[in-house]
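Numbering of the sequence shown is given in the numbering used here, commencing with residue 2 and proceeding in unit increments.
Even glycine gets a Cβ: it sits at the ideal position worked out from N, Cα and C.
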Amino acid sequence: MVLYTSPFPNSFLSILHSFSWGLIFPCYWLADRLVGSFVPTTYEKRQRADDPCYFHALCIIITTPIYLALLVASLPFALIGFLLWSPLQSARRPYIYSRLKDKNHANGASLLTEWKAAGSGKSFCFGSANVCLLPDSLARFNNVFNTQARAKEIGRRIRNGASRPQIKIYIDSPTNTSISAASFSSLVSPQAGDNRTVNAGIKRTTSMEYKGDNCGSNNGEENREDKGGSGEPHEGEENSCIVRINGEENGHMSDTETDTANGQARASGPAEPSLEGDAEISKTPNHKQKEGDSGSLDSCSASRESLVKVRVGDGTVDQSTVNNKLLYKASIMKKTSVRKKKHTDETFDHEISAFFPANLDFLCLQEVFDKRAAEKLKEQLHHYFEYIVYDVGVYSCQSCCSFKFVNSGLLFASRYPVMDAAYHCYPNGRGMDSLASKGALFLKVQVGSTPQDQRIVGYISCTHLQAIAGDTTVRCEQLDMLQDWLSEFRKSTSSSSTANPEELVAFDVLCGDLNFDNCSSEDKLEQQHSLFTHYKDPCRVGPGEDKPWAIGTLLDPEGLYDDEVCTPDNLQKVLESEEGRKGYIVYPTSKNHSSSQKGRKASLKGNGRRIDYMLYTEEGLYLEWKVEVEEFSFITQLAGLTDHLPVAMRLMVSTGEDDP
Numbered sequence: 002m003v004l005y006t007s008p009f010p011n012s013f014l015s016i017l018h019s020f021s022w023g024l025i026f027p028c029y030w031l032a033d034r035l036v037g038s039f040v041p042t043t044y045e046k047r048q049r050a051d052d053p054c055y056f057h058a059l060c061i062i063i064t065t066p067i068y069l070a071l072l073v074a075s076l077p078f079a080l081i082g083f084l085l086w087s088p089l090q091s092a093r094r095p096y097i098y099s100r101l102k103d104k105n106h107a108n109g110a111s112l113l114t115e116w117k118a119a120g121s122g123k124s125f126c127f128g129s130a131n132v133c134l135l136p137d138s139l140a141r142f143n144n145v146f147n148t149q150a151r152a153k154e155i156g157r158r159i160r161n162g163a164s165r166p167q168i169k170i171y172i173d174s175p176t177n178t179s180i181s182a183a184s185f186s187s188l189v190s191p192q193a194g195d196n197r198t199v200n201a202g203i204k205r206t207t208s209m210e211y212k213g214d215n216c217g218s219n220n221g222e223e224n225r226e227d228k229g230g231s232g233e234p235h236e237g238e239e240n241s242c243i244v245r246i247n248g249e250e251n252g253h254m255s256d257t258e259t260d261t262a263n264g265q266a267r268a269s270g271p272a273e274p275s276l277e278g279d280a281e282i283s284k285t286p287n288h289k290q291k292e293g294d295s296g297s298l299d300s301c302s303a304s305r306e307s308l309v310k311v312r313v314g315d316g317t318v319d320q321s322t323v324n325n326k327l328l329y330k331a332s333i334m335k336k337t338s339v340r341k342k343k344h345t346d347e348t349f350d351h352e353i354s355a356f357f358p359a360n361l362d363f364l365c366l367q368e369v370f371d372k373r374a375a376e377k378l379k380e381q382l383h384h385y386f387e388y389i390v391y392d393v394g395v396y397s398c399q400s401c402c403s404f405k406f407v408n409s410g411l412l413f414a415s416r417y418p419v420m421d422a423a424y425h426c427y428p429n430g431r432g433m434d435s436l437a438s439k440g441a442l443f444l445k446v447q448v449g450s451t452p453q454d455q456r457i458v459g460y461i462s463c464t465h466l467q468a469i470a471g472d473t474t475v476r477c478e479q480l481d482m483l484q485d486w487l488s489e490f491r492k493s494t495s496s497s498s499t500a501n502p503e504e505l506v507a508f509d510v511l512c513g514d515l516n517f518d519n520c521s522s523e524d525k526l527e528q529q530h531s532l533f534t535h536y537k538d539p540c541r542v543g544p545g546e547d548k549p550w551a552i553g554t555l556l557d558p559e560g561l562y563d564d565e566v567c568t569p570d571n572l573q574k575v576l577e578s579e580e581g582r583k584g585y586i587v588y589p590t591s592k593n594h595s596s597s598q599k600g601r602k603a604s605l606k607g608n609g610r611r612i613d614y615m616l617y618t619e620e621g622l623y624l625e626w627k628v629e630v631e632e633f634s635f636i637t638q639l640a641g642l643t644d645h646l647p648v649a650m651r652l653m654v655s656t657g658e659d660d661p
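So this is what it looks like as structure tokens:
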């Protein structure tokens, strides 16, 4: 299948389309600005409350007549542009495939050579987020604004979080509960001169292992012994560090262990001086040191609360000393054996994380409706993802029943080469949703090859269902269509036969904003849909019941800019508390409910409305391989930028010891 790298089959149509849109754009921009000036967000309301001179009200009084006059003047040109633009959409392609042109940063081809389907297997990480990149006037109804700036910041945060070193801390001792997966998210790296003093206060010995190209060359024998003994690190975990706290009786680290820990902690990347000048912060090439919020790895205001408080004797290390030794935030998890009893049956790690997972392989986004914002977002994501599919959907009356003013809002980014792509539009959209070409994007990616040169591929599907509450039958029909399209895409893109397989399927993942949750009584039909008999939901026990650790992904728009949740660290801390969640997550409620969650705790049900899904299936995969969830995360890194919580899932594809 040919991937479309431009929206039109020839340059003449592209030029004509650009000309027609140039006639429409002034009218579109003026209307967007005019409506947006009358829909303030809560953030803007708070700022204006501190303005005793009512400066903003004066600006509206002056600018409104100007906008209206210019809007009327631009209407004739917009009408001519629309008459040209609309018929051109019949020749428009359903998506644009973008590949990074800078070969110095391109590494997709090299990733394919990493996995030859030998050894214990390889893990793949998937992320999904609804980023609410609507035209600014419409985004304001969700209490977010400045779409163009948000698009750039969203892309920057995602790539910064994904490109950090992967560091995991596992606690072997069931008696040590001082480090929790929920709130501990930083590592302290003692300076060389402080080794003896700091280590004397640590009551657990630690051993570090790095995986990937950035691994330190020293202590290779120790690393190999640990790998063979523990069996936890898997082949293909790039740029990662495993820290184990073993719980030995003495509270000192040996000189060898100290050198190992310090040497390998610096091996994750070149060090740059911090603001204070003494700290060494491990960097990746995509990180720049500049002002930013705590959700970005290049932030100069990293969370002080998440730093490790190391006790020396009966005293505490000075906080400024600790701050000077900040490393990247880590994903820190307890082993299954030391989880709380109600989670002892869980076989994988789960957490609320302030960052997107390190080494994120695939990203699916929804509501990237604004085309200018999509370009800015793509620009940022290309710093990390080599392959991007964007501007997905149809316009005008092409192939759908009603006129479509905006595209589907779907965007897909990958570190691995895309082999095939297909898009289908849901024909049964209602209300406001019928104005967008909501649908499903299907992709086939190559992730490796066998020693016999068989391709190893994976399937990923991204979708966004009908949003209007009460449209249960519409969503069920869309789920039916989704399953049919999935089956058709698998058949049409498969080049294998059972007798002579040319391709081995490693995974099949479905993600997106399904606009129903697993706890609301109004969503019973969707909860019992046959899709969930074919695809597994890691957060779900069964219809109407989520696992205890799963939380809602739909945030209450009214509280997006509260100090308690406006940064990734603060939002993470609030979501860790059951009481805190009740004020800032939308919950399934009775039919008689108001728009705000606050003050109605009695009617709340479950752990919140989890409408963003990450599903996987074991059907249709290579029979000798096994797919298991290794990690599931709810992510707060986009705090203040969208009204949804992103989710991420890491799958482990186990191939066994022998080659297939």
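Query: By Cβ distance below 6 Å, which residues in the same chain neighbour L361 in space, the five residues on each side in sequence not counted?; Result: C126, G128, A163
Query: Is A79 buried or exposed, if buried means 16 or more other CB atoms sit within 10 Å of its CB?; Result: buried
Query: Less than 8 Å separating the beta-carbons of A375 and L412?; Result: yes
Query: With H, G and I counted as helix, E and B as strand and the rest as coil, what does DSSP make of L616?; Result: strand
Query: Using only the alpha-carbon positions, how far apart do M653 and E347 sit?; Result: 15 Å
Query: Hey, is the stretch 451-461 in contact with the stretch 426-435, meaning 3+ C-beta pairs nearer than 8 Å?; Result: no
Query: Assuming contact is defined by CB atoms lying nearer than 8 Å, are V587 and G609 in contact in what I supplied?; Result: yes
Query: Using DSSP's beta-bridge definition, name the partner residues of S6.; Result: The sequence shown places Thr at residue 6, rather than the Ser named in the question. According to DSSP, T6 bridges with nothing at all.
Query: Return the CA-CA distance between I552 and V628, expressed in angstroms with no decimal places.; Result: 24 Å
Query: Tell me, which residues are paired with C426 by DSSP?; Result: G440
Query: Mind checking which residues open and close the beta strand (DSSP E) that includes T643?; Result: Run containing T643: none; DSSP gives neither H nor E here.
Query: Exposed or buried, F13, counting other C-beta atoms within 10 Å across all chains shown (16 or more means buried)?; Result: exposed
Query: Please name the residue or residues paired with D514 in a DSSP beta bridge.; Result: H465, D613
Query: Confirm, please, whether the CB-CB distance from R94 to Y5 is below 8 Å.; Result: yes
Query: Distance check for P549 and K379, CA to CA, integer angstroms please.; Result: 36 Å
Query: Return helix, strand or coil for G545, following the three-state DSSP convention.; Result: coil
Query: Spatial neighbours of L511 within its chain, please: C-beta separation below 6 Å, excluding the five flanking residues on both sides.; Result: S462, Y536, L616
Query: In chain order, what residues of the same chain lie with their CB nearer than 6 Å to the CB of H351, ignoring the 5 residues before and after it?; Result: W550, F633
Query: Does the distance from the CB of E489 to the CB of V132 come in under 8 Å?; Result: no
Query: Just the Cα atoms here: how many angstroms apart are L556 and P502?; Result: 45 Å
Query: Could you check the C-alpha separation between I61 and V407 for me, to the nearest Å?; Result: 28 Å
Query: Mind checking which residues open and close the alpha helix (DSSP H) that includes A79?; Result: 56-89
Query: Suppose you measure from the CA of R160 to the CA of Q381; what does that come to, to the nearest Å?; Result: 7 Å
Query: Rounded to whole angstroms, what is the Cα-Cα separation between G18 and L135?; Result: For the sequence presented, residue 18 should be read as His rather than Gly. Whole-angstrom Cα-Cα distance: 21 Å.
Query: How many angstroms separate the CA atom of S91 from the CA atom of S15?; Result: 13 Å
Query: Of the residues I81, R157, V393, E620, which one's Cα is nearest the Cα of K377?; Result: R157
Query: Go ahead and pull the three-state DSSP assignment for L576.; Result: helix
Query: Pairing CB atoms from the stretch 561-571 with CB atoms from the stretch 519-533, are three or more of them under 8 Å?; Result: no
Query: Would you grab the beta carbon distance between K439 and S409 for me? Rounded to a whole angstrom, and I think it's under 8 Å.; Result: 6 Å
Query: A70 to L35, Cα distance in whole Å?; Result: 11 Å
Query: How big is the Cα-Cα spacing for F20 and K583?; Result: 50 Å
Query: Please classify Y55 as buried or exposed, where buried requires at least 16 neighbouring CB atoms within 10 angstroms.; Result: exposed
Query: For S121 and F635, I'd like the C-alpha separation in whole angstroms.; Result: 27 Å
Query: Out of D485, R141, F146, Y562, which one is the CA nearest neighbour of L532?; Result: D485
Query: So, with DSSP's three-state summary, where would you put R431?; Result: coil
Query: Looking at C-alpha atoms only, which residue of V419, A470, W116, I469 is the closest neighbour of Q447?; Result: V419
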